[in-house]
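Q: Structure below; questions to follow.
In UniProt numbering, the protein residues as written are 1 to 206.
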C-alpha cells in the first residue's frame, strides 16, 4: 500500500508545481483574451484533479501500516493546506485580471470618475459592456462545445453498447455450438462402446 500512496504523492507534487507556475503566469498578466480564458480553464481542471488525488491519498492512508502512517498523514495535511492556498491565489489572480480587462488595461487607481470627463466615463462604461458581452459569448461557445462533446460521447457509448450486445450474442451462439458438439461426442462414444461390446457376439454367430 505504501507504493500506491507514494505514486499519489508524486502526482500531487507535480500537479501543485504546475498549478503554482500557472497562477504566477496568470498573476503576471502574461495571458490576454482567449489565451487567458484557456489558461484559467486549464488551472481549474488541474485544481479539480489535485483535489481528487488528495481524496484518494486520504483513502489510502487507512491502508497504511502504523510505521508509515505518521509520515504520509503529515504530508496529507501539508498538501491540503497547499491546495487551499493555490486555490485562493488563483482566485485572487483571476479577479485582478478580470478588473484589468474591464478597464482596458488601465490601473484601477486611474479610474476616478471625479477626474474623468463625461466622454471618458461613457467610453469606460461602453468598454465594460462590450467586454461583458464578449465574455458571455465565449462562455456560450464553451457551453455549446461541451454539449457537442456530450452528444458525441453518447453516440459512441450507444455504438459500443450495440457492439457488446452483438459480441454477447455471438458468444452465446458459440457456447451453444460447443454444448451440441459435446452431446454428439458423448453419443459417438456410446455408439463405439456398444459396437465394441456386441462385436464378439457377431463373431460367435458367424
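From the three backbone atoms N, C-alpha and C, an ideal C-beta is built for every residue, glycine too. Small disclaimer: the values here were computed from a predicted structure and weren't measured.
1) Where does residue 58 fall in DSSP's three states?
2) Would residue 22 be called buried (16 or more neighbouring beta carbons within 10 Å of its own) or exposed?
3) Measuring straight from C-alpha to C-alpha, what distance separates residue 85 and residue 78?
4) Is the separation between the beta-carbon of residue 138 and that of residue 35 shorter than 9 Å?
5) In whole angstroms, what separates the C-alpha of residue 106 from that of residue 65?
6) In the DSSP assignment, find the unbroken alpha helix (DSSP H) run with residue 31 in it and report its ends.
7) Please report the straight-line C-alpha distance between residue 157 and residue 164, rounded to a whole angstrom.
8) Here's the rule: buried if 16 or more other CB atoms are within 10 angstroms of the residue's CB, otherwise exposed. What is residue 53?
9) If residue 51 sits next to residue 76, beta carbons under 8 Å apart, how far is it from one beta carbon to the other, in whole angstroms?
10) Under DSSP, the alpha helix (DSSP H) around residue 63 begins and ends at which residues?
11) Can you tell me whether residue 123 is buried or exposed? The criterion is at least 16 other CB atoms within 10 Å of its CB, across all chains shown.
12) Let me make sure I understand the geometry here. Which of 91, 125 and 189 has the alpha-carbon closest to that of residue 44?
13) Going by C-alpha to C-alpha distance, which of 149, 173, 97 and 46 sits closest to residue 11?
14) Specify the secondary structure class of residue 24 as computed by DSSP and reduced to three states.
15) According to DSSP, simplified to helix, strand and coil, what is residue 68?
A: Based on what the coordinates show:
1) Along the chain shown, one-based indexing puts residue 58 at 58. Residue 58 falls in the helix class under three-state DSSP.
2) What you label residue 22 is simply residue 22 of the chain shown in a count that begins at 1. Burial call: buried.
3) Counted from its first residue, the chain shown places residue 85 at position 85. Counted from its first residue, the chain shown places residue 78 at position 78. About 11 Å.
4) Counting from 1 along the chain shown, the entry for residue 138 is found at position 138. Counting from 1 along the chain shown, the entry for residue 35 is found at position 35. Cβ atoms of residue 138 and residue 35: not closer than 9 Å.
5) Locating residue 106 in the chain shown gives position 106, counting from the first residue. Locating residue 65 in the chain shown gives position 65, counting from the first residue. Summary for residue 106: the model assigns pLDDT 49, below 50, so the residue's position carries little reliability; its value from the coordinates is reported in the next sentence. Their Cα atoms are separated by approximately 57 Å.
6) Along the chain shown, one-based indexing puts residue 31 at 31. Residue 31 -> no alpha helix (DSSP H), and no H or E assigned at all.
7) Taking the chain shown and counting its residues from 1, the one referred to as residue 157 is at position 157. Taking the chain shown and counting its residues from 1, the one referred to as residue 164 is at position 164. Using only the alpha carbons, I get a separation of about 10 Å.
8) Here residue 53 refers to the residue found at position 53 of the chain shown. Burial call: buried.
9) Here residue 51 refers to the residue found at position 51 of the chain shown. Here residue 76 refers to the residue found at position 76 of the chain shown. Not quite, the Cβ-Cβ distance comes to about 13 Å (not below 8 Å), so this is no contact.
10) Reading the chain shown from its first residue, position 63 is the one you call residue 63. It is not in any alpha helix (DSSP H) - residue 63 carries neither H nor E in the DSSP assignment.
11) The residue labelled residue 123 in the question sits at position 123 within the chain shown. So residue 123 counts as exposed.
12) Position 44 of the chain shown holds residue 44. Per the Cα distances, 91.
13) For the purposes of this step, residue 11 is identified with residue 11 of the chain shown, where counting begins at 1. Cα-wise, what sits closest to residue 11 is 46.
14) Within the chain shown, the letter at position 24 stands for residue 24. The answer is helix: DSSP assigns residue 24 an H, G or I state.
15) Residue 68 sits at position 68 when you count from the first residue of the chain shown. Of the three classes helix, strand and coil, the one that applies to residue 68 here is coil, per DSSP.
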